[in-house]
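Engineer:
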Amino acid sequence: MSSGSDNIPMTPSGLRKLKEELKHLQSVERGKISREIEVARAHGDLRENAEYHAAKEKQSHIEGRILTLGDWIARAEVIDPAKLGGDKVIFGATVDLLDTETDKPVSYRLVGEIEADLKKRWIAVTSPVARALIGKKVGDIATVQSPGGVRELEITEIRFEEPTEEAPAGES
């Protein structure tokens, strides 16, 4: 995700997770890495001290992540799916689908890029599947180009609810 001034759509739980990670990095990991650097520095010559250089690299990674999280949080546009509604697929919707070729049900939740997690069946609103679903209603067929060819997915239900940690139904 590129840095900039664009808002980043996300659910309340997505923002909460970012804030928790930021707090953890600032309050726990920063202090831990500072102590690692002190210990490594005590080993002598820093030019050939692999432990020191590894700790400094880890510190750089942590500080970079802190900056990234701070940027994302500042640009977060929180959209609560539980407060949405309607009969069309939009950001935040949980969409139950039926693959018309295999007759297998599958469910996806449309979230922001930062929250996307295929294991939970949370897909980025910018993904090919989500783009094919946006604006469709129950009963509509979404045509998706996938690596295995064209898939047709029939929309069987659209729900709006705050995401939980569990994956939606139809994972297998």
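Residue numbers (our numbering): 844 to 1015.
Quick reminder that beta carbons are idealized off the backbone N, C-alpha and C, glycines included.
Could you name the residues that DSSP lists as bridge partners for F1003?
Structural biologist: DSSP output for F1003 lists A936 as bridge partner(s).
Engineer: Per the contact definition of three or more C-beta pairs closer than 8 Å, is the stretch 874-883 in contact with the stretch 892-909?
Structural biologist: Cβ pair count under 8 Å is three or more, so yes.
Engineer: Apart from the five residues on each side of it in sequence, which residues of its chain come closer than 7 Å, Cβ to Cβ, to F1003?
Structural biologist: So the list reads P924, A925, L927, G928, G935, A936, once near-sequence residues are dropped.
Engineer: Check the DSSP bridge columns for A919 and list the partner residues they point to.
Structural biologist: I851, per the DSSP bridge assignment.
Engineer: Counting C-beta neighbours from all protein chains within 10 Å, is the total for A985 16 or more, i.e. buried, or is it exposed?
Structural biologist: So A985 ends up on the buried side.
Engineer: Report yes or no: do three or more beta-carbon pairs, one from the stretch 943-960 and one from the stretch 852-863, lie closer than 8 Å?
Structural biologist: The stretch 943-960 vs the stretch 852-863: in contact.
Engineer: Classify A898: buried if its beta carbon has 16 or more other beta carbons within 10 angstroms, exposed otherwise.
Structural biologist: Flag for A898 reads buried.
Engineer: Just reading off the alpha helix (DSSP H) that P971 is part of, what are its end residues?
Structural biologist: Note, P971: alpha helix (DSSP H), 971-976.
Engineer: Unbroken alpha helix (DSSP H) runs of length 4 or more, entirely within the stretch 875-932: which are they?
Structural biologist: Within the stretch 875-932, the complete alpha helix (DSSP H) runs of at least 4 residues are 893-918.
Engineer: Give me, in chain order, the residues of the same chain whose beta-carbon lies closer than 6 Å to that of G978; leave out the 5 immediate sequence neighbours on both sides.
Structural biologist: Correct list, in chain order: K931.
Engineer: Spell out the partners DSSP gives A985 in its beta bridges.
Structural biologist: BP columns for A985 point to L996.
Engineer: What residues are listed by DSSP as bridge partners for L953?
Structural biologist: I966.
Engineer: E1000 to V938, Cα distance in whole Å?
Structural biologist: Roughly 6 Å separates the two Cα atoms.
Engineer: Could you tell me the distance, in whole angstroms, from the CA atom of L861 to the CA atom of L912?
Structural biologist: Each residue's alpha carbon lies about 6 Å from the other.
Engineer: With a Cβ-Cβ cutoff of 7 Å, do A959 and I966 count as a contact?
Structural biologist: Cβ distance < 7 Å, so A959 and I966 count as in contact.
Engineer: Please identify the residue among D946, S989, R873 whose C-alpha is closest to the C-alpha of E906.
Structural biologist: Of the listed residues, the one whose Cα sits closest to E906 is R873.
Engineer: In or out: G992 buried (at least 16 other Cβ within 10 Å) or exposed?
Structural biologist: Per the 10 Å Cβ criterion, exposed.
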